[in-house]
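All residue numbers for the sequence shown refer to our numbering, where the first residue is 3 and numbers rise by one.
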Amino acid sequence: MSTERLYSLRMRAAQGGAHEEGGLHISGGEKLGVEEEIETLVGRLLDKALHHSRGTADFINLVIERVDASNCSVLSPLTVSTYKVSDYRAGRQKAVTQLRELSVSETAIMNAFNILSSAQNIRGAILLDSQSGERLDTRGDRGVRVSRMDWDQEQYASWIRRHPQFDSPRIAEALALATKVVHAQGTVAELCWSDDPDYVTGYVASMTKGYCRITHLKEEGDLSGGRVFFVSPGTSISGYVEYLERSLVWIG
Ligand code: WAQ
Ligand code: MG
Ligand code: MG
Numbered sequence: 003m004s005t006e007r008l009y010s011l012r013m014r015a016a017q018g019g020a021h022e023e024g025g026l027h028i029s030g031g032e033k034l035g036v037e038e039e040i041e042t043l044v045g046r047l048l049d050k051a052l053h054h055s056r057g058t059a060d061f062i063n064l065v066i067e068r069v070d071a072s073n074c075s076v077l078s079p080l081t082v083s084t085y086k087v088s089d090y091r092a093g094r095q096k097a098v099t100q101l102r103e104l105s106v107s108e109t110a111i112m113n114a115f116n117i118l119s120s121a122q123n124i125r126g127a128i129l130l131d132s133q134s135g136e137r138l139d140t141r142g143d144r145g146v147r148v149s150r151m152d153w154d155q156e157q158y159a160s161w162i163r164r165h166p167q168f169d170s171p172r173i174a175e176a177l178a179l180a181t182k183v184v185h186a187q188g189t190v191a192e193l194c195w196s197d198d199p200d201y202v203t204g205y206v207a208s209m210t211k212g213y214c215r216i217t218h219l220k221e222e223g224d225l226s227g228g229r230v231f232f233v234s235p236g237t238s239i240s241g242y243v244e245y246l247e248r249s250l251v252w253i254g
């Protein structure tokens, strides 16, 4: 694990101009690395921005900032399970069942599915009260972008040796994000599916059930997708967002 001269890298890419000028969100990414790794990580983020199934980016924002490496936590990745379903209807039913078991209310579940199935241009996560279903953040299309988390590279290599079926950057990134999110004080569950038209597997993540992949949560070709974090009533939203955006988390 790297503790010296640590940098956070964040990328967001859009088409038709910057996000804040109405451009279509293409892709985003966040990484942590020491100085010598920055070039490689920038290369990976640019590759992700420039070769994407949602389209070709004409706006790329890349932020590289030094972070205080002394205040970091280390989290073990959530346990991964995969539910094979035949289509997205069965997949969504499975997700609903899981969210009910986690005591997310019917209204909150319904609101989450309505948001994710109509969202085509949100670049962060939407926070919903797990009981009232009310939206808690005031970020609009920006949402809340979870940052400053990444795998410890040695731990990742070891995890992949034990879970070779999950060897993909997409799964690695999603599992790192979900692990950080689930450990936030106030998180009840996360529901996610990609906004990429060619990727239909999504997940429900929670402390008690881990990272539960569901092989279809949308139809092939669909540009909808995003992330909803269900938050316990009474959670301080400013503290919650501060943890997600700023606290340093190594996965391993
Ligand atoms: N913080 C908050 N929300 C984010 C972040 C972030 N760092 N990154 C992405 N999102 C939101 C945003 O609204 C995106 O449009 C949406 O999530 C989807 O992002 O097989 O690939 O990177 O186990 O397209 C999950 C299943 C894949 C992986 C999720 O999401 C598997 C995926 P994408
Ligand atoms: Mg991503
Ligand atoms: Mg995407």
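C-beta atoms are modelled at their ideal positions from N, C-alpha and C, and glycine is treated no differently.
Tell me whether the beta-carbon of Tyr90 lies closer than 9 angstroms to the beta-carbon of Val202. yes
So the alpha helix (DSSP H) Ala174 belongs to, where does it begin and stop? It spans 171-184 - the alpha helix (DSSP H) in which Ala174 sits, taken as one unbroken run.
Say the cut is 8 angstroms; is the CB of Ser78 nearer than that to a heavy atom of ligand 3? no
For a test of the three-state rule: what should DSSP assign to Arg229, helix, strand or coil? strand
Could you spell out the range, first to last residue, of the alpha helix (DSSP H) harbouring Val65? No alpha helix (DSSP H) contains Val65, which is instead part of the beta strand (DSSP E) from 61-69.
For Leu138, which residues of its own chain have a beta-carbon under 7 angstroms away from its beta-carbon, when the five flanking residues on both sides are left out? Leu129, Leu130, Asp131, Val233, Ile239
Could you tell me the distance, in whole angstroms, from the CA atom of Glu23 to the CA atom of Arg144? 12 angstroms
Rounded to a whole number of angstroms, what is the C-alpha to C-alpha distance between Ser4 and Ser72? Because Ser4 sits at a pLDDT of 47, beneath the cut-off of 50, its placement in the model cannot be relied upon, and the following sentence gives the value as read from the coordinates. Ser4 and Ser72: Cα-Cα distance of roughly 10 angstroms.
Flag Asp89 as yes when its Cβ comes closer than 8 angstroms to any non-hydrogen atom of ligand 5, and as no otherwise. For ligand 5, the structure offers nothing, since it holds only ligand 1, ligand 2 and ligand 3.
Please classify Gly19: is it buried, with 16 or more other beta-carbons within 10 angstroms of its beta-carbon, or exposed? exposed
Cβ atoms of Val183 and Leu250: under 9 angstroms apart, would you say? Not a contact, by the Cβ cut-off of 9 angstroms.
Which residue or residues does DSSP assign as beta-bridge partners of Val82? Tyr213
Who are Met112's beta bridge partners in DSSP? Per DSSP, none; premise fails for Met112.
Heavy atom of ligand 3 less than 8 angstroms from the Cβ of Ser170, yes or no? no
Per-residue burial, Glu192 [other beta carbons within 10 Å of its own, 16 or more giving buried]: Buried is the call here.
Can you tell me which of the three DSSP states Tyr201 falls into? coil
Rounding to the nearest angstrom, what Cα-Cα distance links Leu219 and Thr210 in this structure? 21 angstroms
What is the DSSP secondary structure of Ser132, reduced to helix, strand or coil? Three-state DSSP puts Ser132 in coil, outside helix and strand.
Assign Val243 to one of three DSSP states: helix, strand, or coil. helix
Contact set for Gly212: own chain, Cβ-Cβ below 8 angstroms, skip 5 residues either direction: Leu80, Thr81, Val82, Ser83
Taking 8 angstroms as the cut-off, is the C-beta of Arg56 nearer than that to any heavy atom in ligand 3? yes
His27 classed as buried or exposed, judged by whether at least 16 other C-beta atoms fall within 10 angstroms: Under this definition His27 is a buried residue.
Can you tell me whether Gln100 is helix, strand or coil according to DSSP? helix
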